[in-house]
Amino acid sequence: MSDTERDGFRLQEEDSRADEAIGRIEAALRGLRFGTVTAVVQNGVVVQVERTEKVRLR
Numbered sequence: 000m001s002d003t004e005r006d007g008f009r010l011q012e013e014d015s016r017a018d019e020a021i022g023r024i025e026a027a028l029r030g031l032r033f034g035t036v037t038a039v040v041q042n043g044v045v046v047q048v049e050r051t052e053k054v055r056l057r
């Protein structure tokens, strides 16, 4: 396998990870009325998505 093929594979793998991260962030935002969504990034890669929801009592 040439360096280009390896680099192409790495880029595809990174794109796949980015797509997954975006999907998880979108899912965390869905239905959220009050609260926060936090993406934890290490070495340029999203490794964790946190959702904190606040419920307002009247």
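Residues in the sequence shown are numbered consecutively from 0, following numbering that gives the first Met the number 0. Just so you know, even glycine gets a beta-carbon here, dropped at the ideal spot from N, CA and C.
Distance, residue j Cα to residue i Cα
i: alanine 26; j: leucine 10; result: 24 Å
i: glutamate 49; j: aspartate 14; result: 21 Å
i: arginine 23; j: glycine 34; result: 16 Å
i: threonine 51; j: arginine 32; result: 11 Å
i: leucine 28; j: arginine 55; result: 17 Å
i: glutamate 12; j: isoleucine 21; result: 14 Å
i: asparagine 42; j: arginine 57; result: 43 Å
Same chain, Cβ closer than 6 Å to residue i, neighbours up to 5 away in sequence not counted
i: glutamine 47; result: Val39
Contacting residues, own chain, Cβ-Cβ under 8 Å from residue i (five flanking each side not counted)
i: glutamate 19; result: none
7 Å Cβ shell around residue i - same chain, five flanking residues per side excluded
i: arginine 16; result: Val44
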